[in-house]
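To convert, note that position 121 of the sequence shown is 122 in my numbering; the numbers rise steadily by one, no gaps.
Beta carbons are placed, not taken as given, at the ideal position from N, Cα and C, and that holds for glycine.
Before any comments, here is the structure.
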Amino acid sequence: MTDRDRRRAARRVDTFRCASCRLDVSLDAPGTTHRNHCPNCLTSRHVDQRRPGDRAADCGARMEPIAVSVRGDGEWILIHRCTGCDALSANRTAGDDNPLLLVRTAVRPLVMTPFPLEVLGQL
Ligand SMILES: [Zn+2]
Ligand SMILES: [Zn+2]
Numbered sequence: 002m003t004d005r006d007r008r009r010a011a012r013r014v015d016t017f018r019c020a021s022c023r024l025d026v027s028l029d030a031p032g033t034t035h036r037n038h039c040p041n042c043l044t045s046r047h048v049d050q051r052r053p054g055d056r057a058a059d060c061g062a063r064m065e066p067i068a069v070s071v072r073g074d075g076e077w078i079l080i081h082r083c084t085g086c087d088a089l090s091a092n093r094t095a096g097d098d099n100p101l102l103l104v105r106t107a108v109r110p111l112v113m114t115p116f117p118l119e120v121l122g123q124l
């Protein structure tokens, strides 16, 4: 291996292709060490079993963002559900995740309440 090859290999950043929107996504993400979902459509893939980045799951199906949770320090966590086996996983959001889709995911329960919101005015 020449010096030039070695430099090129070191510079190469791993990428994955989004299973939903086909975007080529760099694994190098701002604000998180293991990017596991697409910043454009927030779709993930069921490849991790226990820890982020362990790549121990055999499933491989698409995982859809279904909810946002918030940690004590205010960080937003994205909840994914696997379309193949219904597994749930909690994942850190990245600095370049689509803010519109994050907010849309977070407010979805308020848009689809199981009771009319007018009820709140009568409490
Ligand atoms: Zn995508
Ligand atoms: Zn799965």
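Integer Cβ distance of residue i from residue j, believed to fall under 8 Å
| i | j | result |
| --- | --- | --- |
| Cys60 | Cys42 | Between Cys42 and Cys60 the Cβ distance is about 19 Å, and since that is not below 8 Å, they are no contact. |
| Asp25 | Thr33 | Not confirmed; about 18 Å, so no contact. |
Closest residue to residue i among the options (Cα-Cα distance)
| i | options | result |
| --- | --- | --- |
| Arg23 | Gly32, Asn37, Thr44 | Thr44 |
| Asn92 | Phe17, Leu103, Gly85 | Leu103 |
| Pro147 | Thr114, Asp4, Gln123, Cys39 | Past the edges of the chain, shown from 2 to 124, lies residue 147, and the structure says nothing about it. |
| Gly85 | Glu119, Val48, Arg109 | Val48 |
| Pro100 | Leu118, Arg72, Leu79 | Leu79 |
| Ser90 | Ala58, Ser27, Val108 | Ala58 |
| Arg18 | Gly73, Trp77, Asp98, Arg46 | Arg46 |
Coil, strand or helix - residue i by DSSP
| i | result |
| --- | --- |
| Thr106 | helix |
| Asp4 | helix |
| Val48 | coil |
| Glu76 | coil |
| Pro31 | coil |
| Leu89 | strand |
| Pro115 | coil |
| Pro40 | coil |
| Pro53 | coil |
Pair within 8 Å by beta-carbon distance, residue i and residue j
| i | j | result |
| --- | --- | --- |
| Ala30 | Ala88 | no |
| His81 | Gly54 | no |
| Ser21 | Arg63 | yes |
| Thr114 | Val69 | no |
Near ligand 1, which residues have their beta-carbon closer than 6 Å to a heavy atom? Cys19, Ser21, Cys22, Leu24, Cys39, Asn41, Cys42, Thr44
Contact set, ligand 2 heavy atom to C-beta under 6 Å: His47, Cys60, Ala62, Cys83, Gly85, Cys86, Ala88
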